[in-house]
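>
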Amino acid sequence: MRNLATPLSAAITIFLVAIFLSATGLLQLASAPSVQAADDHGDYRNEATPISTSGGQVSGNIDASITGIDVDYFSFQAQRGVRYTFIVDFGTVESANLQVVNSITRGIDSSPGQFAYERTGQRLVDWIARTDETYFIEVSAGWDYLTGQVFLGTYTLRISADTSLLDRYSDSRSASTPMVFGNQYQGAISPWTNQPDIDVGVHGGDDEDYFSFQASRGVKYTVDAELGTATGLTISVLTSVGELELSNDGIGISLDWVAPATRLFHVVVAGTSRVREPVGTYAIRVTADTSLVDRHPERREEATAISFGNAHQGAISPADDLDFFSFQTKRGVMYRIVIEPGTAEAVEIAVQKPVIGTEASNGGIGTGLDWLAPADGTYYIALSASSQVRNGVGSYTLRVVADNSLIDRHGGSPDDATGINFGSALAGAISPANDQDFFGFFAKRGVSYTVESTLGSAVAVNLSIANSDSRIEASNGGLGSTLEWVAPSDGNYFVFVSSPSQVANPIGT
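Under the numbering used here, think of the first position of the sequence shown as 800, with each following residue one higher.
Below you can see the structure in the form of structure tokens.
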């Protein structure tokens, strides 16, 4: 019996017998056959007869006893998630009661989640074990509610187990199963009741299967499930401390997720209330799209050095990713920054100053950015997701080309002036727009000097002559390509070339 001292079912039976016999005399024991099996099964749980769950079969007999109507107990070792079917085949007995009783540590109640039904000559119970423990089967007499007749006689008890539903994986992060990318893992959601009132601590909670994997920032992971006997699944990704990253909410059987950081994450497979029967088998795998791995740092201090003209593969992933590249600039050089989109729809390009601030940006529009270096130094290119597109995550190729034809070849002050050899040509460029190129020479009083400029890519240049005190002696005002000047005295003088105010874009050679 369930209570180790007084059998509960027996006590109820005794009470019923006393009432019916004294009041109506209707309750009668069914006539026992001339030959019956001996009552060799305990009336208490601690006297239960062990039965195997692997095709176990035991014969028994329900007879009258001094404590009332006979109750037979059988014990078996349950495994969490396994669906057991208990079958009582009626021998000489016409009917019998059958149920699963909790383990001793869980009290005297019937175990929750039983489904009882009858077939001709049989009584059956389907039940899924919620814990790994020793449970009990109770076989007791049935009776006719109209006549009061109690049925006695022989029976056979059988057990079958659906081990495909065995709980193979842990329900906790601490004991999660490590995953190998691309490998498939067979599992089952069992038990699952969609009943939030079931006490997890007492009866064991609904099944959740925990898996773990080491994620790399920016990599896109795809969790794919194949349904076996399960008709639906909830797939979730959790952080190492249990915070939810993403879930399919029980809709569909796949999940795409981009790792926001390089660390351990968990995949949790559970049942769903969106289907009628959540219990069943499944297979799951995780694959990694490494084309989106975060190859480049997010800070100036760790930026990837650029090799001019070479391709640099990268990806904007996750959506808030920043990829920093560094390069050494020369004043006046035009740098052409080109993005060749891969899976990224668009990329925002920004040139960052050496310490803080932005020099130029394409605003996430287009695939390139031309920028003139205002000074020699270390500058940075920061690539990020474009706000102009719905999904900025994706791969790209970065190239940076330097146009050295605009390099600032000449000093920007009299102290750094380039010496002039009369009659020789000196190549130069106005770049950036505020550039001034100084050339020095010694003039003789009364000598006429002609300064000639041959324009390359520049539209016009301003030609000026200054004395050693930086006072302007003469200028063409940005008009024409020559300047004639007669030296008022012997001394050091300077020709300086600058951008004319009349031209919108003065940059050029």
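Cβ coordinates follow ideal geometry from the N, Cα and C atoms, glycine included.
Alpha carbon to alpha carbon, how far is residue 1085 from residue 909?
40 angstroms
> Cβ of residue 1054 within 7 angstroms of Cβ of residue 1122?
no
> May I ask you to verify whether the segment 940-955 touches the segment 1038-1050, counting CB pairs closer than 8 angstroms and requiring at least 3?
They do not touch, by the three-pair rule.
> Quick one: what does DSSP say residue 903 is sitting in, helix, strand or coil?
Helix at residue 903.
> Do residue 1180 and residue 1129 have their beta-carbon atoms positioned less than 7 angstroms apart in this structure?
no
> What are the boundary residues of the beta strand (DSSP E) that residue 1312 is part of?
For residue 1312 there is no data in the structure shown, the boundaries of the chain being 800 and 1308.
> Just reading off the beta strand (DSSP E) that residue 1285 is part of, what are its end residues?
1281-1285
> Which same chain residues end up closer than 7 angstroms to residue 1038 when comparing Cβ atoms and leaving out the 5 residues on each side of it in sequence?
1044, 1064
> Drop a sphere of 10 angstroms on the beta-carbon of residue 1231, count the other beta-carbons inside from all chains shown, and report buried for 16 or more, exposed for fewer.
buried
> Fully enclosed by the segment 963-1037, which alpha helix (DSSP H) runs are 4 residues long or longer?
Taking only runs of at least 4 residues, the alpha helix (DSSP H) segments lying wholly in the segment 963-1037 are 999-1002.
> If you reduce the DSSP assignment to three classes, tell me which class residue 829 lands in.
For residue 829, the predicted structure reports a pLDDT of 43, less than 50, and the residue's modelled location is therefore unreliable. The matter cannot be settled from this model.
> Take residue 871 and list the residues in its own chain whose beta-carbon comes closer than 6 angstroms to its own, dropping the five residues that flank it on each side.
840, 859, 938
> So for residue 871, helix, strand or coil by DSSP?
strand
> Candidates 1015, 1007, 1114: which alpha carbon is nearest residue 1034's?
1007
> Need the endpoints of the beta strand (DSSP E) that residue 1125 sits in, please.
1121-1128
> State yes or no: is the C-beta of residue 1293 within less than 7 angstroms of the C-beta of residue 1213?
yes
> Would you mind sorting residue 1147 into buried or exposed? The rule is 16 or more other CB atoms within 10 Å of its CB.
buried
> For residue 1171 and residue 1196, what's the separation of their Cα atoms in angstroms?
Straight-line Cα distance between these residues: approximately 22 angstroms.
> Sorted by chain position, which residues of the same chain lie with C-beta nearer than 8 angstroms to residue 945's C-beta, five sequence neighbours on each side aside?
none
> Run through the DSSP bridge pairs and tell me what residue 939 is partnered with.
The partner list for residue 939 (beta bridge, DSSP) reads 870, 896.
> Whole angstroms are fine: how far does the CA of residue 1269 sit from the CA of residue 1202?
32 angstroms
> By the 10 Å Cβ neighbour count, where 16 or more other Cβ atoms means buried, how is residue 1254 classified, buried or exposed?
exposed
> Rounded to the nearest angstrom, what separates residue 1243 and residue 1235 at their Cα positions?
So the alpha carbons of these two residues sit roughly 25 angstroms apart.
> Looking at residue 962: is its Cβ nearer than 7 angstroms to the Cβ of residue 881?
Taking 7 angstroms as the Cβ cut-off, residue 962 and residue 881 qualify as a contacting pair.
> Note down the Cα distance separating residue 958 from residue 906, rounded to an integer number of angstroms.
23 angstroms
> Which same chain residues, not among the five before or five after residue 893, have their C-beta less than 8 angstroms away from its C-beta?
829, 941, 950, 952.
> Could you tell me the alpha carbon to alpha carbon distance between residue 973 and residue 967, rounded to whole angstroms?
15 angstroms
> Excluding the five sequence neighbours on either side, which residues of its own chain have a C-beta within less than 6 angstroms of the C-beta of residue 1161, listed in chain order?
1148, 1168
> Mapping the DSSP letters down to three states, classify residue 945 as helix, strand or coil.
When secondary structure is reduced to three states using DSSP, residue 945 falls in the coil class, being assigned neither helix nor strand.
> Between which residues of its own chain and residue 1089 is the CB-CB distance below 7 angstroms, once the five residues before and five after are set aside?
1018
> Please classify residue 1071: is it buried, with 16 or more other beta-carbons within 10 angstroms of its beta-carbon, or exposed?
buried
> Select from 1080, 903, 1024, 948 the residue whose C-alpha is nearest the C-alpha of residue 990.
1080
> If residue 1030 sits next to residue 1101, beta carbons under 8 angstroms apart, how far is it from one beta carbon to the other, in whole angstroms?
Here residue 1030 is actually not in contact with residue 1101; their C-beta atoms are around 49 angstroms apart, not less than 8 angstroms.
> Would you call the CB atoms of residue 977 and residue 1011 closer than 7 angstroms?
Cβ distance < 7 angstroms, so residue 977 and residue 1011 count as in contact.
> Jot down the residue ranges of each uninterrupted beta strand (DSSP E) in the segment 1179-1259, minimum 3 residues, whole runs only, in chain order.
1193-1202, 1235-1242, 1247-1251
> Does the Cβ of residue 916 have 16 or more other Cβ atoms within 10 Å, making it buried, or fewer, making it exposed?
exposed
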